[in-house]
Amino acid sequence: KKDEKKRKEKTKEEQERREHEEYLKMKAAFSIEEEGFDENEMEASSNLLQDFINYIQDTKVINLEDLAARFKMKTQSVIDRIQHLQNEGRLTGVIDDRGKFIYISQSELESIAKFVKQRGRVSIVELVENSQRLINLNPKVPVEG
-18 KKDEKKRKEK
-8 TKEEQERREH
2 EEYLKMKAAF
12 SIEEEGFDEN
22 EMEASSNLLQ
32 DFINYIQDTK
42 VINLEDLAAR
52 FKMKTQSVID
62 RIQHLQNEGR
72 LTGVIDDRGK
82 FIYISQSELE
92 SIAKFVKQRG
102 RVSIVELVEN
112 SQRLINLNPK
122 VPVEG
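Per our numbering, the sequence shown starts with residue -18, numbered consecutively.
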């Protein structure tokens, strides 16, 4: 009788173990589906990022809060995104102390470098005085108010 009882317990434990393993497999399958991306979602996300970059490049000087509102993001997320894009080399520019991002194109950066090389030593005052000539701050498209 003891052997039979042990066998039944062992069979019951094996059954519970199999059911638990089956449960874990199903749980993993659901988790994977939730983590998946639709091609359309990835494409939309990619388009949104490109729209973000294009908008910055076209606007040239943009208030970070306005940019956040336009793309329905938090201001800190916008700052993080801009810094990430700068690290990737997809955007160049500076964030000033008034909460604005100033986009500077690669050709404008090269003209600044050329200016500094030609002059040798350049004071900040000289750089500021000549930055209007070296960097175009006018938007490519009219800014919507």
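Ideal placement from N, C-alpha and C gives every residue a C-beta, glycine not left out.
**Study point:** Option nearest Leu45 by Cα separation, candidates Phe96, Val59, Glu(-10), Tyr36
**Key:** Val59
Practice item. Would you check if there are 3 or more beta carbon pairs closer than 8 Å linking the region 102 to 120 to the region 80 to 90? Key: yes
Point to revise | Burial state of Thr40 (16 or more Cβ within 10 Å) | key: buried
Practice item. Leaving out five residues on either side along the sequence, give the residues of the same chain with a beta carbon under 8 Å from the beta carbon of Ile37. Key: Ile43, Leu48, Ile63, Leu72, Gly74, Phe82, Tyr84
Practice item. For Gly80, I'd like the list of residues in its chain whose CB is within less than 7 Å of its CB, leaving aside the five on either flank, ordered along the chain. Key: Asn44, Leu45, Glu46
Check your understanding: With distances taken from CA atoms, which of Ile93, Ile34, Ala50 is nearest His65?
Key -> Ile34
Practice item. Below 8 Å on the Cβ atoms is my guess for Val106 versus Val97; work out the distance and round it to an integer in Å. Key: So it is not a contact: roughly 14 Å between Cβ atoms.
Point to revise | Helix, strand or coil at Lys81 [DSSP, three-state] | key: strand
Check your understanding: Rounded to a whole number of angstroms, what is the C-alpha to C-alpha distance between Asp78 and Glu69?
Key -> 23 Å
Review point. Just curious, the beta strand (DSSP E) that Asn68 is in, first and last residue?
Key: Where Asn68 is concerned, there is no enclosing beta strand (DSSP E), although the alpha helix (DSSP H) it sits in stretches over 56 to 69.
Point to revise | First through last residue of the beta strand (DSSP E) which encompasses Asn44 | key: 42 to 44
Check your understanding: How many Å lie between Ser12 and Gln(-4) at the Cα?
Key -> In this predicted model, Ser12 has a pLDDT of only 47, less than 50, meaning its place in the structure is not dependable; the value taken from the coordinates is given anyway. If you take the alpha carbons of Ser12 and Gln(-4), they lie about 24 Å apart.
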